[in-house]
Each structure stands twice: as C-alpha cells, then as structure tokens.
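A.B. asks: Just so you know, the protein sequences line up as chains R and A, in that order. Just so we're aligned, residue 180 is where the first sequence starts under the numbering used here, counting upward by one. Just so we're aligned, residue 8 is where the second sequence starts under the numbering used here, counting upward by one. Yeah, the Cβ is synthetic: ideal placement off N, Cα and C, and Gly gets one too.
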Amino acid sequence: MADQSVHPALKPGDEEIKLVINGKEVVGKKGETIISVAAREDYYIPHYCWHPALSVAGNCRLCLVEIHLPNPRNDNKLAPLPKPAIACQTPITEGMHVFTDSQLAKECQEGMMEFLLVNHPLDCPICDRGGECMLQRYSMEYGTPHTRMRDPKRKYLKPEADPLIDIERNRCIMCTRCVRFCDEVAGEHVMGVFARGSDNYIGTFGQGPVANILSGNVIDLCPVGCLTSKPFRFKARVWELLQTQSTSIWDASGSKVTHWTRNGRLYRTTPPSRKYHGVYTVNEDTEEFIDNITRFGSDFPSHENRWDESRVKFGENLLPAAFTEAVRRVATGLKKVADEHGPDSLAILVSPRSSMEEGYLAQKLARDVIGTENIDWRVSFQTAEAAEAAAQAFQHANGDLEDGFDAVVVLNGDYLHSVPAFAMRLKEHARLTGKPIVQIGHHHDAFLAPHSKYKFHCAPGSTAKALQLLSKGVGGDTSVVSELAKIFSTESSRVEALITLLKGVEGRGLVLQSLEDLNGLLLPNEVPAALAFVGALGGGWKYIPTLRDRNAFGLHAVGAQPKADAEGKSVNARQLADAIEDGTIKGLLVLGADALHHSPDRERLLASLGKLDFYAVSDLFDSDYTRIADVYLAAASHLEKDGTFCDVEGNLARLASTEGLVGGARPEWEMLTGIATIMGSDNFAYETVEDVFKEMMSVIAPDFKGTFKKLLLAGPRNDNSIKDPGGARTHTKDYNPGDYRTDGAHFRWTGEPVAIDDQTAAPRSVPESGFDGFLLTWGEHVQGDDYHLNHASIVELLQKAPYVELNPVDAVKLGAETGDRGTLDINGESYEVELKVCEGPAPGVVYLPAGLGGIKLSGLTDTQAVKLEVVKSNALAEAGAGNTA
Amino acid sequence: MTVSTLPDLPALAEFERVFLPNIEEDKTETLEEYLKVGGYEAVKIALAKKPEEITEIIKDSGLRGRGGAGFPTGMKWSFLPKGAHPRYLTINADESEPGTCKDRPLMEQRPHTLIEGIICSCIAIESEKAFIYIRGEYYKSAKVMQDAVDEAYAAGILGDNVMGSGKRVDVVVHRGAGAYICGEETALLTSLEGYRGYPKLKPPFPAIKGLYDKPTIINNVETIVSVGWILKKGADWFKKFTHERSTGQRLLCVSGHVKKPGVYELPMTLTLREIIYDVCGGMRNDHDLKFIIPGGSSVPWVLPEHLDATWSMEGLAAVGSSLGSAGMMVMDHTVCPVWALANLSAFYRHESCGQCTPCREGSAWLQKIVMRIERGEGEEGDLETLRAIAGTGPNTGMICGKSICALGDAAAWPVSSALNCFWDDFEEHIKTKGCKYKNKRYWMQDDRFVNETYEHKPSWGHH
Ligand SMILES: Cc1cc2nc3c(=O)[nH]c(=O)nc-3n(C[C@H](O)[C@H](O)[C@H](O)COP(=O)(O)O)c2cc1C
Ligand code: SF4
Ligand code: SF4
Ligand code: SF4
Ligand code: FES
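1) Considering only heavy atoms of ligand 3, does any lie closer than 7 angstroms to the CB of cysteine 312/R?
2) Taking the continuous alpha helix (DSSP H) assigned at valine 50/A, which residues delimit it?
3) From which residue to which residue does the alpha helix (DSSP H) around phenylalanine 354/A run?
4) With a threshold of 7 angstroms (Cβ to nearest heavy atom), would isoleucine 231/A be considered close to ligand 3?
5) Hey, would you say the C-beta of arginine 350/R is under 7 angstroms away from at least one heavy atom of ligand 2?
6) Inspect the beta-carbon positions of asparagine 471/R and glycine 395/R and report whether they are closer than 8 angstroms.
7) Looking at chain R, is there any beta carbon in it that lies within less than 8 angstroms of the beta carbon of glutamate 381/A?
8) Using the Cβ count rule (16 or more neighbours within 10 Å means buried), how would you classify threonine 326/R?
9) What's the call for methionine 319/R, buried or exposed, on a 16-neighbour Cβ count within 10 Å?
10) Would you check if there are 3 or more beta carbon pairs closer than 8 angstroms linking the segment 696 to 706 of chain R to the segment 552 to 569 of chain R?
11) I'd like the list of long-range same chain contacts for alanine 907/R, defined as Cβ closer than 6 angstroms, with 5 residues on each side in sequence excluded.
12) Going along chain A, which residues have a C-beta under 8 angstroms from glutamine 1043/R?
13) Classify glutamine 288/R as buried or exposed, calling it buried when 16 or more other Cβ atoms lie within 10 Å of its own Cβ.
14) Does the segment 453 to 467 of chain R come within contact of the segment 303 to 319 of chain R, defined as at least 3 CB pairs closer than 8 angstroms?
15) Under the three-state reduction of DSSP, which class applies to asparagine 298/R: helix, strand or coil?
16) Under 9 angstroms between beta-carbons, which chain A residues line up against proline 261/R? List them in chain order, please.
17) To which residues of the same chain is leucine 734/R closer than 6 angstroms at the C-beta, ignoring the five residues directly before and after it?
18) Which residue or residues does DSSP assign as beta-bridge partners of methionine 370/R?
19) Does the count of Cβ pairs from the segment 486 to 498 of chain R and the segment 812 to 827 of chain R closer than 8 angstroms reach three?
20) Please report the straight-line C-alpha distance between glycine 217/A and leucine 248/R, rounded to a whole angstrom.
21) What in chain R is Cβ-close to glycine 441/A, meaning under 7 angstroms?
22) Quick check: the Cα distance between leucine 343/R and glycine 433/R, rounded to an integer number of angstroms?
23) Between the C-alpha atoms of methionine 292/R and serine 370/A, what's the straight-line distance to the nearest angstrom?
24) Measure how close the beta-carbons of glutamate 272/A and phenylalanine 26/A come, nearest whole angstrom, since I'm counting them as under 8 angstroms.
25) Which residues does DSSP list as the beta-bridge partners of glutamate 439/R?
26) Comparing alpha-carbon positions, which option in Ile139/A, Tyr160/A, Arg73/A and Lys89/A lies nearest cysteine 108/A?
27) Among Val690/R, Lys337/R and Ser972/R, which has the Cα closest to the Cα of glutamate 828/R?
28) Identify the contact partners of glutamate 368/A in chain R, using a Cβ-Cβ distance below 8 angstroms as the criterion.
29) Runs of 3 residues minimum, wholly inside the segment 195 to 244 of chain A: which ones carry the beta strand (DSSP E) assignment?
30) Hey, is proline 268/A close to ligand 4, as in C-beta under 7 angstroms from one of its heavy atoms?
31) Skipping 5 residues on each side, what residues in its chain have a beta carbon closer than 8 angstroms to that of proline 304/R?
32) For ligand 5, is there any heavy atom lying closer than 7 angstroms to the beta carbon of leucine 799/R?
33) Quick one: using the 10 Å Cβ neighbour count with 16 as the cut-off for buried, is threonine 867/R buried or exposed?
34) So which residues on chain R does threonine 341/A lean against when the C-beta distance must stay under 7 angstroms?
35) Shortest alpha-carbon distance to phenylalanine 793/R belongs to which of Ala501/R, Glu466/R, Ala431/R and Asp518/R?
36) Decide if arginine 781/R is buried, meaning its Cβ has at least 16 other Cβ atoms within 10 Å, or exposed.
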C-alpha cells in the first residue's frame, strides 16, 4: 500500500525537502537539484550544458537563478545569496526560495545569451540546425534583441574528422555535451576540448573519426549547429519534413525512432522526437540514444536497384507483372509442388526483420494451408543444433532492464556490436548505480569491461562447465571452488567472493547470454548450462538471451520456426541448402532476400536455388537472390508498412508506415493473405494488418490489453492537440517518459526449469594439435556485411575495416598495440586485420567481428587455431620480442 | 630573485624577519646548512603535540592564507570531515599572478622551511601525503625542491618514520605545465590528477572532496612556511604585529616604477606611503605616482589619494581593493592606464581556461574593446559596454559572480576599477582617436586577435 504521507514526487524512504520556487511551495527529495524539481513543477529553466543523461558540467551558466535562504543567525529571515547559483548543480535545501524569472535571473540569462552570440556566426540560413536550434529558441525567449558586439568574430578552420558527423566549430557554444557523451555513455574518450580560453574548440583526438557505434547521438545532443549529420546536410529543412514515430529494424534492443520524410523519401532517422514547447523536436534533451546503423542506414529502400513492381518469369525473363498476378503465380506454383511431392517438399524462409504479423501469417500458411513444419527465420546460426539451442533460450527469456538490476552476469558476447542500445543501457545502469557486472567466458564484452566488477576468463568451450560448477557453488557446495579457480586461472578467494556476491543478491539479478558468439557453435551446451545456472540462483534472477536479429523474439513468439517436437524432423534454415541439394525440398518461398544473404554459407545456398522446381521471393531489390526467382513479389519496405516488432527485453514496438506504399510494392501480409486464399483457405480474411495483429495476439498472448494503435508512440501525426506544429510555445514540459513505454505490450516466457547433466556440461575439446597461434572466436557485428545495409546510402562511409580483439597479455607477447596491423590466416586464406587490444577475449583467444572487410567464415564449423602475425608493429616487437605467438 | 633588506624604520624596530633573514651570508639551501640554523625544530614541536592542538595554535595565530583569498588557515583545516582517510595536503606553488614572486625565493633558497611546514601541517591535519604543485616555468624551484625532498627522505625526515616518530609523511614534487588557471585550487587538483586544468564546481569544496575525490587541503607555499615558524616561535610572536585581523609577516613583492623594487618581508602594519617612499625608496626619477595595483593583477587599482591606507587585508579592503597575493605594482605618471588595462585584459583572455561562458567570452570581448580603444579605434558606447560587461564592483555586470571560478571576476575587476579611476583617460582616447602617452612598448600577446578576422591556427596543436 502506498504510504499516504509521501508526496507523489517522492518514494517512501526519500528525505522530503520543502522549498519555494517562484512563490509556489513545492516538495523535492534530498539530493535533487533545483533544475529537476523546477522541471517537475513546470518551471522551465534554460540550460545548454545540463542534460538528463550526462554528468553535470555547469559551464554554460544559462541556468543561473536567484536564491534566498533562511538565515539561522537572523531569526530565519530570508537573505539573498550574494551570487546567483546554477540550478543544474545546486541541490535543494529546506526553506530555500528560488527565483527563476526575477530581475537578477533574467539579467543572467540575457548576459549569457549575449556572450554566446558574441562570436557566433549566426548563419542560420545555411545552418542545418535551423528550426530546431536551442540557440535560436533561447535567443527569442531569453536574449535581448540587440548586440553590442562591434569587433570581428572568432573564426576557426573546419576539420574533416568524421565521415558521418560534420563539425562546424564557429557555431559551437562549448557546452561539452558531445565530449561527455563520448566519455560517459559511449565509453570512448574520442572527443575533447582543445586549446584554452576563448580560443578553445571541440575536436577529436588525432583528427580521427568519432569511431563508435553510438557516435551519431552527439548530433542530437549538440544544442546548436556545430555537430550535424553529414548525410542529412543541406538536404532539407526540418520543419518541412513529416515525422513518423516508428521502430528500428536494425537494433534488437528495440530502439524507437522518428523517420523524417518528404515526398516518399527518408531524409533522416533520429531517436523519437518529443513534444517540447508545443512542437515535436529531437535535440532538446533527448534521452533515448540509437546506434549509427539505425540512424544512418535506414534509407536503403530508395536505392537505385529498388524493384517496386512484382515480376514473374516468362521463359528466361523476369518481367513486370501485376501484384495479383504474381500472387496467383506463387499460390499455384507452391500448390503444384505440394501436389507432386507432398507438403514437406515446400519450405518457407522468413527474414529475421519481418514483422510479427508477417511471421504469424507465414507460419499459418505453412501449417494450416500447406501442412508442413518447414518454416524458419533462424538463418544466422552456424549449426542446426545452435538454432535449436537458441529456441530453447528464447523459451526461457524472462528478464528486462526496465527496473534495473542489482547484479548481472554477462556471458560470452560482444553485446555493444550486437544489441548496441541494450548494451548501452545496461552499462549506464551499472555506471550510475555501481551495481556489479560479472563477466564470465572466453570472450567478454570490451565495452562493459571497465564497469565490470568481476571478470573471469576461461578457455573456449569451458563456459558451460564453469556455469555448472558455479550453480553448485551458489547451492552451497564449496568443493567446486578450487576447480573453478583452475578454470578461471585465478585465486580461490576471487571465486569465493563471486559466489558470495551472487548468493547475496536479494533483488533482481540478470543473466545475459548472447546467442551470437561463435555464431552459436558453443550454444548447444552453453544455453542449457546458463538456464540451469539461472535456476540454481533462484529468487529474483532472470534470463535475457540476445541476438542481433531484430525481430528474433517476435518471430519466435509467433512460432515462425519448427515446433520443438518437430525439430530434426523438419527442414530448418540451416539444413535448407542440403535439403535442396538432395531433393527433399522442391519449392521455396522466401520473405525477404536478406534471409538468404544472412546465412553463414550463403554461396552454397544461392547456388542450390537453381535446383528448385519453384522459387518465389518477396524483396525490395534487383539482386542475385531475386533475379533467379520464378516469381518476384515487390515488398513494401520498413518505411512503407505497418507491423509489430519485439525486442530482446520482450517489449513490443510499432513499425509505422511513413508515407504509404511506393509503386507496386505491397506489404507481405497482403501477399500471404492472397497466397493462402488462392490456395484454398478461407481463414485469411484480413482487411488490414490490424486484423492480423488482433488474431495473432489472441493466439500468442490472450491476456494482452493493448491495441495496435496504442503501440504507436505519441508523435506529431497522431497527436490531436497539435494543430499548428510551428505555433504557440509554452513553458510546459509536456513530455512524459511514460509515453514511450508501450504499456502492457511486454512479453515474458516461462520455460520449464532446466537441469544440466555432466555430459552436456563437459568442457568441449578445443583444437590443440599443431596449435601455434590463437583460438579464433567470432560473432556478428552490426556494421558487418548486411543485405539491407549494402543498399543504404552511407554504406561506403561506414568504418568497415576488419579488426580482431586481442587480450593485453597476448599483445605484450606480440609486442602489439591497438592500431597495429596484423595478418590472420583462416582456412588457408590470409586477411589483413587491425588489432584492438582490450579486455574482451581471454588470453590465447582472438575475437573477430564477422562480416567486416569480406572475411569468409563460411567453412568454419568450430573454434579453430589461427595464426596471427603482427605486420606493422612498434619498435619493441621489431627489436626481437618476436612477432608471432 | 632575492629578498631585499629593509631600511631602519622605527616602526620595524622590533620586527624580526624569519623567512629569509640574511640572504647574503645565510646559505640555507642544503639540509646540513638548514639544520645548523635550527632547521626542523618545528617538526619536533609538532610531533610532541596532538593534531588538534596544532590546529588550535594556527587558529590562535590568526594566520590567513597567503595565496590570495586570505582565508583563515586553521579554520580551513577544521573543515576536514572527521575520520575520512586518506586525505591530502597540496601546496600551491603555481605562483603565476602577475606581480607576485614570493614563493619562488622561498622554495629556491630555503626549500627545507617548506618541507618543515609541510610535515607540521600534515601532522596537524593527519595527512600522510603532500603534493607540491610547482609552476611549470619554475624549473629551478622544482629542481631545488626535489633535491631537498630527496635529502629529507635520505635523512629520515620524510618517509614512513618521520624523525623516528613512526609517523608517515610523503611528499611529491609535481611540475605544472604553465597555466595561470592551475593556481586556482580546484584546477590545480584536476591538473594534478592528469586532466585538463579545469576548475571544478563548488560545492563540494576540496576539504570534503578534493584530489582523487578525497578530502584535500590546499595552501599556498608562504602559508605553509608560516605554519612552521608559528610552531617554532609561538602564536603570540606571530600576532605581535597586527592590523585588525591581519596578523604576522608577509612577503611583499614590489614591482614597477619605484627606486628599489623587490621582495620585502613586512608586517601588515605599514601604510602604502611608508612602503613606497620609505621601504622602496620612492618613485623612480621622483615621478608622480599615478596608481597602485596592490595585490597582484586581479585586484582593483588604488589611487594616490589612498596612500595612507594600511597595507593589510582590512586596510586595502577599506579603500575598495584587496591585499590579494601581495604583488604590488606601482605606476608613475608616464603610464597610460588604457594601455595598462589592455595588458591585463590580454593576460586574462589568454589565461581563461575557457570552460564557462561568461569568462571565456567576456574576457575576450573585454580585451577586444580595450585594445581597440587603445589603438585609437574606440567608438562611442564602448565605455558603456565595458561597464555593462565588467560591472561596477563585486557581483555586478555580466561576469562577476556568474562564472565557475574567480578568474572571471579577476578579468572584470581591473576593467571596472580602471574605469572608476581613469574614465576621463578612456574618453579622451575615444574622442581624440589616439593616446597622449609616449614610450609604449607593444609586447602584448595575440595582437592578431583584434586586428583581423584570423584563421584560427594555434601553434600548439593540430587542427
Ligand atoms: C585564477 C586564480 C589563480 C590563482 N593562483 C594562485 C597561485 O598561483 N598561487 C596560490 O597560492 N594561490 C592561487 N590562487 C588562490 C587559490 O585558489 C587558493 O585560494 C589558495 O591556494 C589557497 O591557499 P591559502 O589559503 O594558503 O591562500 C588562485 C586563485 C585563482 C582564482
Ligand atoms: S546554430 Fe542555431 S543560431 Fe547558430 S547558425 Fe545554426 S541555427 Fe542559427
Ligand atoms: S559541439 Fe555541440 S555539443 Fe559539443 S560542445 Fe559544441 S555545442 Fe556543445
Ligand atoms: S571563470 Fe574562467 S577560468 Fe574559471 S572556470 Fe570559468 S572560464 Fe575557466
Ligand atoms: S545548464 Fe546549468 S550551467 Fe549549463
């Protein structure tokens, strides 16, 4: 029961402080700053350097307010402080009187605005920030209409540092938001303040790029036109663009986005715009951060190779055809194969970027109409066993970050480059609360490492054993300690400390498992081990598996893969090439050619397609995968259709169409409805995608209370209160973070408890004979080779040079430093890679993010010994430390 | 740099100089020499006392910080949170305030008095580690200090068993990189930690959260040296010469147009007139006095009509100025006040760390305007703009009281006080588009800044 005496702004246990802001009595909790209490009470205090997600810098001085305090030496009579104080840093105290709009406060605001404009170029007409600029807005609201500046302004040279971020220093107000973001949130010290006094300027070290998967966020954080988006530069004015609240199709963290479009073209993608002062804008105090691929890569539908008309094969040629004709051809084609070879000669492959509705209809088509279990979306796994392990993992996914955690165990994985926003949120929680992160495995996340209290490296293949022993350890069995210490090559005391820590977690604990690492080769025993470990920890411990595939969870939820009991009997994605080659599969329907491209051995798969009796694909582009089809169905892109996605935390999000359909392209739910109906089903009578959603939810989540419409974020297009988007501005903070949570749309699974036997947990043997180098592990990378990304306008600008992560211990042996180059021999081929020395891989292990720089891993079936040679190293290595391991 | 001898003034008859009493004969650079003249006696006294007793003695002596702000030292020490360890002592030897040159002879000629003071202070505040942050340009000071510290370690005076007491005191000598702002106590700490020398927001004050987020006391070299002498000679000895709340002796650094500029050890009981005409032998060539900057370049200027003010914290406050760091600059009638101000403004523009808006933009804007007036390109309204930016006194105008640290105020005060003192001179510059003063040397840095819109290419970094 809620404590009646507690003010709504406080939680029970908070120390209450009463103060007065602009004459109004308000309440805050001890430790809060004036600016946050004032914001809650609808008093807007102008600020540049303060940002809710960053540390306090206190440098812009725009938030200066007048303060009067009771003087205990004078009968508690109010006495003004001799100086104004900054609201962003000053904590509230009992009886404090704050004036945010007194004469003094106004003088301060006017003064600071005049100062900031003294050297500002005021080139708004050619500035990309125009229209969403905090300097423009504050000038109107807090500045004076004149300037007294008569001298020449300061002028800087313009650096060419980053391919994606434009730096125009003359407009910088030195708020250091960008520097603090890189240092604190992105975790890389790449930006800094250079020179001194009024000569100082913002820049990157060594003129390098802001190379980081989260770097694009500095564009939104910059309150002025200093940091702007290069791809978006000079393309459009923000107020001319139509905003659509949607969700990322890249990041399985479930990032929400706003697409900014005009005339059917996507100009930019940002974190969701918020209603601020009556207009929807993105750069005020946006706290949601998105990864660069989501931000810059979403425009692929307008690639020149777009085929927005369906096509069917006439003789050798694939010729444009009406959508209905193409659908009819698919239906008859599939039916013919089924009639001739039986239903199990057909397979449906679904792109992991398909919506839940599409996945739902695809499996309904496969099961109810065709009568087969040959449906799958799990194209990225290295082996069929790994795909099955992943399905088991999903079945137990029950954790989220919503309320944070008290401790988190992170198993093998490069989470930052697999689920960037999720990794960032996790790290931020640990950084800001000091809650422990424990990393266990042969490959730790280098991004989380600086915030990880415990880091235990083990050999590849030993993670399952370690988890099994740890499960016993937390159950009170102390005999495991010495064995664990051996596996982790550490002292027993550290293992004991770990067990004590794990046992001591009273609230929420999380176990994180990336299904990406090694592309899942080790998953068949690591997944059950992790699940048993979660069970052994008991209590408030939850489990989150992660996978880069955006809608993995949604597609799993709707059953777009063979049922558990049918696994092995049906043909899953990993067996497809074999099954086509040996003639088991004769007809194939692919929803999204990226499903084929995503496969680890896509060359073989592509070659096998020719053997099919019937091959239909729905896609966006003229490509190797579509040109050879019997029927090409022109699909609506993620910008043109509606649908539902589910992220690694089980949250639903709405994909929303920006400006409707393009050319003859149609959403896949329409295709599937058409195909099923023509094939004779009368169970596909959907008028809209919302009908599909309703039916789907009634099947997979009967208790779901939300609606399709409610899943859509508040935005200018569905906000009826916005009559004139450029109109009246008020000082009301009308943004509420709650708007951005889709209430009730939260998936949880509860799998049966898992026990792991010794055989499953037994350490896997790793190659030893002839071992003269490193053990290679690999995982998917968000910037890696990707069918959609390859069609995005910025693909050339992305940092795609291949690199390997290397443990500092090995780096010392090799005499190598971060930035050195090396050659990596895989499968007899030699690749040049950059070396990144970090805490990620265990000693003796190198980690290779897959898909960068055309390195082929397709033949790999297990972790294997590779040779790494340093090519260009520092003098130390040349002086004889040797350059091989 | 030496400490100058004093004339025989009746007012100083009883006054005993201790900092550097007899610079000519008294070689006290090495430990051996220093021990001969009673070195490290204060440590023995301190070791025999409880920490609180030492702090009480310092409080009783009325010692106030010699770095500029004049904060009572004993009181500062007592702000340390009880029981919070480790805690650090940091010696501010960044002496960069124009006109100030007193810490340097102290360190270079009697380095062991500083170490002695450090040990006594460490015992008082229960710290085991002290850092001496020495101005980057003071190469010799750093060398001499480091040698002395090494000597002291070798002799068992520093280290884990201070003079056999079982107490531990370590001293680290650190050289700055040559930035005035690193003399500001919190910037000094960030610099010492290896970061950009940015002042921090206060509160929290360093005594609560300072170096490496641990409680830290920052004191000036002279302050800490005084601590040793107070312990040796007693609080009453220190209070013998006192004006209001200004007790004890200070090193006065006189520069400018006097006959005998130099560093003088004086009690704070003389008048400015006595200092200029008796101690320093009067104005050069017996010129007329035009104005005095009595406490380092940051403090408001003092006109000849205030020559009878006492040279003490209270005495100078009474005439609207401040004793600051006791660097006194004396200007005769040949000095153009606009030119003098342009010099100061150039200094503050150059030394602003650039962190906060009012100081970063304000210091540069002030300099641009003052330089323009000085060049004879002043316009009507310029003086009003200067007034609006710099204000009329503490916490007025657009900078004072609104910046992160006191450098902002320091940049504005000379401007407001120059306008207060010499408004007519400024007006004349603007009206006649020129300057009637001769003999100016243009050595100001960064003339390019005001001459044209320049492509910003600082020589010290890449672009
Ligand atoms: C811009 C600026 C520069 C300063 N430079 C020095 C300096 O060079 N040496 C110094 O002792 N104090 C300097 N101070 C004063 C210190 O901040 C601090 O008050 C002093 O070191 C405290 O020591 P004290 O209490 O012994 O005086 C400076 C202050 C400011 C605002
Ligand atoms: S940053 Fe803002 S004020 Fe400056 S030029 Fe751009 S739009 Fe105009
Ligand atoms: S570039 Fe933008 S965010 Fe960075 S300091 Fe300048 S104004 Fe602030
Ligand atoms: S007042 Fe000047 S020196 Fe001090 S923090 Fe601000 S910009 Fe830096
Ligand atoms: S917002 Fe408070 S100083 Fe910038």
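C.D. replies: In terms of the structure at hand:
1) no
2) 48 to 54
3) 344 to 358
4) no
5) yes
6) yes
7) no
8) exposed
9) exposed
10) yes
11) Summary for alanine 907/R: the model assigns pLDDT 30, below 50, so the residue's position carries little reliability, and this model does not support an answer.
12) Under the 8 angstroms cutoff, chain A gives no residues; its nearest Cβ is about 42 angstroms from glutamine 1043/R.
13) buried
14) yes
15) coil
16) Pro401, Asn402 and Gly408
17) Gly538 and Trp556
18) Thr383/R
19) yes
20) 26 angstroms
21) Under the 7 angstroms cutoff, chain R gives no residues; its nearest Cβ is about 19 angstroms from glycine 441/A.
22) 23 angstroms
23) 15 angstroms
24) 5 angstroms
25) What sits at residue 439/R in the sequence shown is tryptophan, not glutamate. Answer by DSSP bridge pairing, in chain order: Gln422/R and Arg447/R.
26) Arg73/A
27) Val690/R
28) Phe294, Leu295, Val297, Asn298 and Ser377
29) 223 to 227
30) no
31) none
32) no
33) exposed
34) Those do not exist, as threonine 341/A stays about 28 angstroms from chain R at its closest Cβ, beyond 7 angstroms.
35) Asp518/R
36) buried
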